[in-house]
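In our numbering, the protein residues as written are 11 to 466.
Now the structure itself:
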């Protein structure tokens with residue numbers, strides 16, 4: 011079907027025009043993209059549009075739309091300007107590069123994320139968790155709430171350092187996590203703004219952002235330099251990158267290695283920390299799920315830390331994490347740019363449109379999820395998963411550009427949850443307001459303050 015025929019037979023995309031000239035940009039700047047999508051989804055359904063000046067933003071929610079965009083017609087949907095903001099932080103890393111550059115880079119890094127490699131890393135995951143528990147003992151008091159989100163950020167960053175780069179971040183972990191947080195918040199705000207001043211303009215936000223980038227650059231370049239001075243074989247991701255060549259046969263530049271390390275630090279710790287934080291929150295709100303989870307741990311682990319060998323015997327633990335990722339998918343939306351005109355579900359998509367995929371809403375689609383707002387881990391049992399649309403659950407994206415660390419994150423969570431959960435249970439601080447913050451990732455807006463209760 012040619013483009014002319016496609017346009018002549020296509021249905022008009024649901025949506026409103028917004029303001030003259032600027033469209034919906036002022037509304038998105040004021041309300042945020044999530045609120046705009048949520049309010050329009052109620053009335054317009056699974057596919058609709060916003061107008062950003064002369065450009066269209068098309069929102070896709072149905073699993074078939076995800077399949078179309080991320081798999082069957084993926085060559086028409088690219089990470090061009092949709093990823094410009096995140097490039098300010100990660101540069102040209104695996105998350106943002108495309109075409110042969112991406113394929114070559116993915117092949118280079120994939121061995122570090124093979125199942126056997128990740129299984130070998132679980133011992134370090136366990137040790138990092140045990141070190142965290144030791145650090146908690148003198149600090150945690152039952153009458154003082156702690157920000158469990160901050161604690162999860164600390165331990166997941168520590169784990170990335172140990173497993174992928176063979177190093178201990180120690181006191182650098184908290185400062186690095188804070189720098190990532192500042193940088194992400196700033197680029198999220200830039201994405202919502204009608205107009206942004208250049209980063210070189212010394213506004214308070216730009217100054218904080220540049221300082222966070224300077225801190226992260228120093229951390230990463232020091233890691234690279236220290237490794238170059240070390241003749242010892244490490245067999246980790248950093249060594250792979252230092253020895254790797256690009257698609258032209260040249261050794262990777264210092265800047266390229268920097269971009270990949272920043273990408274791995276960011277993608278490898280923040281999303282898992284967010285998912286774990288929301289898991290602790292959900293368990294605190296659903297004592298019946300928590301009780302069933304602890305019964306599994308008592309029967310299988312009897313108080314000892316979890317290891318890779320235990321994971322097949324902890325199916326409910328995995329289901330709990332999967333269900334938390336369904337309700338609170340850390341990457342709640344993702345963008346692509348349409349290269350050429352296309353048709354999705356009978357609707358015409360203009361070349362140049364920004365296409366937004368929304369796992370947050372797909373994971374709550376009533377056609378694919380019974381009682382979708384309910385926290386019910388059993389929905390991920392083999393029997394309850396039969397017949398479910400393959401693209402109804404996409405917390406790690408899908409298709410060739412699916413997150414390289416999806417298995418890493420799942421294994422990590424399955425080690426951390428029982429190892430921590432057998433020592434402590436957490437209850438929500440009633441004085442703390444829990445609020446979702448829909449930026450690039452779905453974080454708890456004010457942290458997640460909970461009371462730790464040692465288990466005896």
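Virtual Cβ for every residue (Gly too), placed ideally from N, Cα, C.
Sheet register partners of residue 67 (DSSP bridge): As a first step, residue 67 is located in the chain shown; it is residue number 57 there, counting from the start. Looking at the DSSP assignment, residue 67 forms a beta bridge with 60, 364.
Is residue 357 helix, strand or coil by DSSP? As a working mapping, residue 357 is identified with position 347 in the chain shown. In this structure, residue 357 counts as strand in the three-state DSSP scheme.
May I ask you to report which of helix, strand or coil DSSP gives residue 454? One-based indexing of the chain shown puts residue 454 at position 444. Strand.
Could you compute how far the alpha carbon of residue 266 sits from the alpha carbon of residue 255? Numbered from its first residue, the chain shown carries residue 266 at position 256. Numbered from its first residue, the chain shown carries residue 255 at position 245. For residue 266 and residue 255, the distance between alpha carbons rounds to 11 Å.
Residue 15 by DSSP, collapsed to three states: which one? What you label residue 15 is simply residue 5 of the chain shown in a count that begins at 1. Here the model assigns residue 15 a pLDDT of 41, short of 50, so the residue's position is not dependable, and the following value carries that caveat. Residue 15 falls in the helix class under three-state DSSP.
Give the DSSP bridge partners of residue 437, in chain order. In the chain shown, counting from the first residue as 1, residue 437 sits at position 427. Answer is 461.
Whole angstroms is fine: what's the gap from residue 286's alpha carbon to residue 162's? By 1-based counting over the chain shown, the position of residue 286 is 276. By 1-based counting over the chain shown, the position of residue 162 is 152. Approximately 7 Å, taken between the alpha carbons.
Starting from residue 348, trace the alpha helix (DSSP H) both ways and give me its first and last residue. As a first step, residue 348 must be located in the chain shown, where it is residue number 338. Careful: residue 348 lies outside any alpha helix (DSSP H), inside the beta strand (DSSP E) at 344-348.
Contact set for residue 206: own chain, Cβ-Cβ below 6 Å, skip 5 residues either direction: Along the chain shown, one-based indexing puts residue 206 at 196. Around residue 206: 200.
Distance CB(residue 270)-CB(residue 104) smaller than 9 Å: Here the question's residue 270 lines up with position 260 in the chain shown. Here the question's residue 104 lines up with position 94 in the chain shown. Result yes, Cβ atoms of residue 270 and residue 104 sit closer than 9 Å.
Taking 7 Å as the limit between beta carbons, can you name the residues of its chain near residue 273, skipping five residues before and five after? Position 263 of the chain shown, counted from the first residue, corresponds to residue 273. Excluding residues within five positions, the ones whose Cβ falls inside 7 Å are 100, 103, 104, 105.
How many angstroms separate the CA atom of residue 11 from the CA atom of residue 355? Stepping through the chain shown from its first residue, residue 11 is reached at position 1. Stepping through the chain shown from its first residue, residue 355 is reached at position 345. Any answer about residue 11 is weak, because its pLDDT of 35 lies below 50 and its placement is not dependable; what the coordinates show is given next. In a straight line, the C-alpha of residue 11 is about 14 Å away from that of residue 355.
Determine the extent of the alpha helix (DSSP H) in which residue 385 is found, giving its start and end residues. Indexing the chain shown from 1 puts residue 385 at position 375. First-last for residue 385: undefined, no H or E at that position.
For residue 255, the three-state DSSP class (helix, strand or coil): Position 245 of the chain shown holds residue 255. Of the three classes helix, strand and coil, the one that applies to residue 255 here is strand, per DSSP.
Close Cβ partners of residue 150 (< 7 Å) along its chain, the five nearest in sequence each way excluded: Looking up residue 150 in the chain shown gives position 140. Cβ within range, chain order: 156, 462.
With distances taken from CA atoms, which of 343, 350, 392 is nearest residue 373? Residue mapping note: residue 373 aligns to position 363 of the chain shown, counting from 1. When only C-alpha atoms are compared, the closest one is 343.
Does the count of Cβ pairs from the region 422-437 and the region 320-331 closer than 8 Å reach three? yes
Residue 446, buried or exposed, once every other Cβ within 10 Å from all chains shown has been counted against 16: Looking up residue 446 in the chain shown gives position 436. With fewer than 16 Cβ atoms within 10 Å of its Cβ, residue 446 is classed as exposed.
How many angstroms separate the CA atom of residue 131 from the CA atom of residue 289? The residue you call residue 131 lines up with position 121 of the chain shown. The residue you call residue 289 lines up with position 279 of the chain shown. Cα-Cα distance, rounded: 22 Å.
Count the other CB atoms within 10 Å of the CB of residue 164; is the residue buried (16 or more) or exposed (fewer)? Translated into positions along the chain shown, residue 164 becomes position 154. Its Cβ being crowded by 16 or more others within 10 Å, residue 164 is buried.
Contact set for residue 321: own chain, Cβ-Cβ below 6 Å, skip 5 residues either direction: Start at 1 with the first residue of the chain shown, and residue 321 comes out as number 311. Counting only Cβ-Cβ distances below 6 Å, and skipping sequence neighbours, we find 424.
Should residue 126 be labelled buried (16 or more other beta-carbon atoms within 10 Å of its own) or exposed? Against the chain shown, residue 126 aligns to sequence position 116. Under this definition residue 126 is an exposed residue.
Endpoints, the beta strand (DSSP E) within which residue 448 is located: As a first step, residue 448 is located in the chain shown; it is residue number 438 there, counting from the start. That run of the beta strand (DSSP E) goes 446-448.
Collapsed DSSP secondary structure at residue 32 in the structure displayed: For this step, residue 32 is matched to residue 22 along the chain shown. Here residue 32 sits in coil by DSSP.
Just to confirm my understanding: we take residue 186, look at its own chain, exclude 5 residues before and 5 after, and list those with CB closer than 8 Å. What are they? On the chain shown, position 176 is the one that residue 186 refers to. Answer for residue 186: 167, 179, 225, 226, 229, 275, listed in chain order.
Just to confirm my understanding: we take residue 143, look at its own chain, exclude 5 residues before and 5 after, and list those with CB closer than 6 Å. What are they? Here residue 143 corresponds to residue number 133 of the chain shown, with the count starting at 1. These residues qualify, in order along the chain: 433.
Could you give the DSSP three-state label for residue 101: helix, strand or coil? Residue mapping note: residue 101 aligns to position 91 of the chain shown, counting from 1. Correct three-state label for residue 101: coil.
With distances taken Cα to Cα, identify the nearest neighbour of residue 66 among 94, 31, 84, 45. Working through the chain shown from its first residue, we reach residue 66 at position 56. The candidate whose alpha carbon is nearest that of residue 66 is 31.
Measuring only the C-alpha atoms, how far is residue 109 from residue 115? Translated into the one-based positions of the chain shown, residue 109 becomes position 99. Translated into the one-based positions of the chain shown, residue 115 becomes position 105. Distance between the alpha carbons of residue 109 and residue 115: 10 Å.
Where residue 438 and residue 459 are concerned, what is the direct C-alpha to C-alpha distance, given to the nearest angstrom? Here the question's residue 438 lines up with position 428 in the chain shown. Here the question's residue 459 lines up with position 449 in the chain shown. Spanning the two alpha carbons is a distance of roughly 6 Å.
State buried or exposed for residue 396, treating a residue as buried only when at least 16 other CB atoms are found within 10 Å of its CB. Start at 1 with the first residue of the chain shown, and residue 396 comes out as number 386. Result: exposed.
Answer with buried or exposed for residue 262, where buried requires no fewer than 16 other C-beta atoms within 10 angstroms of its C-beta. On the chain shown, residue 262 is found 252 positions in, with the first residue counted as 1. That one is buried.
Let me check one thing: in DSSP terms, what residues is residue 261 bridge-paired to? Along the chain shown, read from residue 1 onward, the residue named residue 261 stands at position 251. Answer by DSSP bridge pairing, in chain order: 255.
Smallest Cα separation from residue 362: which of 41, 63, 390, 25? Counting from one through the chain shown, the residue named residue 362 turns up at place 352. Of 41, 63, 390, 25, the residue nearest in Cα terms is 63.
Once the 5 residues before and after residue 323 are set aside, which same chain residues still bring their CB inside 8 Å of it? Your numbering for residue 323 matches position 313 in the chain shown. The answer, listed in chain order, is 310.
Between residue 220 and residue 279, what straight-line distance do the alpha-carbon atoms span, to the nearest angstrom? Reading the chain shown from its first residue, position 210 is the one you call residue 220. Reading the chain shown from its first residue, position 269 is the one you call residue 279. Whole-angstrom Cα-Cα distance: 21 Å.
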